[in-house]
Each structure stands twice: as C-alpha cells, then as structure tokens.
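Everything below concerns the one structure shown next.
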Amino acid sequence: VAGNAIERSHKNINEIRNIMIDEKHFPYVLFLQGSNFLTEPVTVSRPDGREVPLRHDVGSLNRIDRLTAANYSMPINQNCCQNIFVTVNEDKVMLQAVSIFTKPVAWAVDEMLSIMMDIALTSLDILGLDDA
Numbered sequence: 260v261a262g263n264a265i266e267r268s269h270k271n272i273n274e275i276r277n278i279m280i281d282e283k284h285f286p287y288v289l290f291l292q293g294s295n296f297l298t299e300p301v302t303v304s305r306p307d308g309r310e311v312p313l314r315h316d317v318g319s320l321n322r323i324d325r326l327t328a329a330n331y332s333m334p335i336n337q338n339c340c341q342n343i344f345v346t347v348n349e350d351k352v353m354l355q356a357v358s359i360f361t362k363p364v365a366w367a368v369d370e371m372l373s374i375m376m377d378i379a380l381t382s383l384d385i386l387g388l389d390d391a
C-alpha cells in the first residue's frame, strides 16, 4: 500500500510542477504519518500492552527516502515553498522542492492548518516580490 501512495505522490508532484514551471514558488505540501515515514525512533503500544520500538533507520520499514527525492533531500518538516536556483555549467536551474512534513501519529487539523498558512503566506510574499 505504501508503494502505491508513494508512486501517486510523485505523479501528483510532477503534474503540479508542470503547471507551476514559470513560478518562483512551489506551495506543494505533503503530510505523511505512520511508521513508514519516521524521522526519529518511536515506541508504540500494541493492543496487548506490549511496547514495540520502531527505528527510523531501518530500511525494511522506513519509506521516507522514497519521497525525499521529490524535495531534493531538503530538510523534512520545513517550509520549502521558495524555489531554489542553482548554477549548472553557467546556466541557472530552478528547483521546485516539495515541503514534506511527517509524524509517527495522526496529524491534528490545527497542526496542518498552521503549516499550510505558513506556506500560503510565503507564497504571497514571493508573489508580492514579483510586483516590486
């Protein structure tokens, strides 16, 4: 199931990149949750009461590396809305990085709203700079 969601995410990201190719911002945010997307070790309680440690550095469980390609390995849990410009062989290349946010547990609506507002305000700031 995680593989299908990851594949779909890449397709969606690429489609939005195509639409926003001439923009200086990329307000795409990806919220991930669960044991496949850990950034630090956690312990979960099973229904029988046993505590099970989950490690973020175990490749058989963690799939976050399959999505960090979509944000050029930028830091996780950070607003990456402003496009990055790099020079390659004297040509300027624009990178549109996805803002990836992840937690081991379900996201609360207010947490997601706060992140989305930050990204929206960043986008508006960038759009305002275009007019200056």
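To convert, take the position in the sequence shown, counting from 1, and add 259; that gives the numbering used here. Here a beta-carbon is modelled for each residue, glycine too, at the ideal position from N, C-alpha and C.
Asked                                                                                  : Found
CA nearest to the CA of L377, picked from V288, I280, I275                             : Per the sequence shown, residue 377 should be read as Asp rather than Leu. Nearest option by C-alpha distance: V288.
Per-residue DSSP class, three states only, for V368                                    : helix
Whole-angstrom C-beta distance between L326 and I359, which should lie under 8 Å       : 6 Å
Cβ shell of V345 (< 6 Å), same chain only, five flanking positions each side left out  : V352
Integer-rounded CB distance, given that H269 should sit under 8 Å from A329            : 6 Å
Residue burial classification, A365 (beta-carbon count within 10 angstroms, cutoff 16) : exposed
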